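Notes for the one structure printed next.
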Amino acid sequence: MLKKEQLESYLQKCLELGADFAEIYEEESTTNTITMQNSKIDSIKTNISKGIGIRLTNNNDKVYGYTNHLDDLSIISLIENLTSNFKNNPNPKLIKLDNLTKYQDKVEISHNAYSKEDKKNLLKTIDTSARNKSDKIN
0 MLKKEQLESY LQKCLELGAD FAEIYEEEST TNTITMQNSK IDSIKTNISK
50 GIGIRLTNNN DKVYGYTNHL DDLSIISLIE NLTSNFKNNP NPKLIKLDNL
100 TKYQDKVEIS HNAYSKEDKK NLLKTIDTSA RNKSDKIN
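For what it's worth, numbering that gives the first Met the number 0 labels the leading residue of the sequence shown as 0, then goes sequentially.
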């Protein structure tokens, strides 16, 4: 997670380069996928996605960009690319963030609540049930 000082610096950079409004969205998510073909488990994959999105406005112009490279140079480069077409109208306000809170989706049942074996068995049960319903399912 980006530190408060980094966020302040990035937001300030956005304003200095002409943005009227700047928003930074940081995301980290985990996706688990089990693929079944011909009644057999074909693959099990876990994917972790991490990155930040930046949305800027300048008068009526709106731009959005995203990067999964979280180093300072990549984020500054993204900001510079996003603001490159803005009519340079620097807004060098000092940005200070207070009361930052981390938002987390409220998930009723976590994907970790069941083992991969339980998930595989459930898929096999669903597959068998579907195939028993109709001979057109093959």
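No residue lacks a Cβ here, since even glycine has one placed at the ideal position from N, Cα and C.
These figures come from a predicted structure and were not determined experimentally.
Start and end residues, beta strand (DSSP E) containing residue i
{"i": "LYS39", "result": "39 to 57"}
{"i": "ILE136", "result": "First-last for ILE136: undefined, no H or E at that position."}
{"i": "ALA21", "result": "20 to 36"}
Closer than 7 Å: residue i CB and nearest the ligand ATP heavy atom
{"i": "LEU77", "result": "Of the ligands one can find in the structure shown there are none, so the ligand ATP has no counterpart to examine."}
Residue i, buried or exposed, once every other Cβ within 10 Å from all chains shown has been counted against 16
{"i": "LEU72", "result": "exposed"}
{"i": "ALA21", "result": "buried"}
{"i": "TYR63", "result": "exposed"}
{"i": "THR32", "result": "exposed"}
{"i": "LEU81", "result": "buried"}
{"i": "LEU96", "result": "exposed"}
{"i": "ILE108", "result": "exposed"}
Residue nearest to residue i in terms of C-alpha spacing, selected from the options
{"i": "ILE43", "options": "ILE51, LEU99 and THR30", "result": "THR30"}
{"i": "ASN84", "options": "GLU27, ILE47, ASN58 and GLY50", "result": "ASN58"}
{"i": "SER38", "options": "ASP126, LYS135, LYS132 and ASN131", "result": "ASP126"}
{"i": "GLY50", "options": "LYS105, GLU25 and GLN36", "result": "GLU25"}
{"i": "GLN36", "options": "PRO89, TYR113 and LYS119", "result": "LYS119"}
{"i": "LYS60", "options": "ALA129, ASN88 and LYS12", "result": "Position check: residue 60 holds Asp in this sequence, whereas Lys was assumed. The residue with the shortest Cα to Cα distance from ASP60 is ASN88."}
{"i": "ARG54", "options": "ASP19, THR124 and ASP70", "result": "ASP19"}
N-terminal and C-terminal residue of the alpha helix (DSSP H) that residue i is part of
{"i": "LEU1", "result": "Unbroken run through LEU1: none, as it is neither H nor E."}
Practice task
Run through the stretch 61 to 132 for me and flag every whole alpha helix (DSSP H) of 4 or more residues, listed as ranges in chain order.
Solution key: Within the stretch 61 to 132, the complete alpha helix (DSSP H) runs of at least 4 residues are 71 to 82 and 115 to 132.
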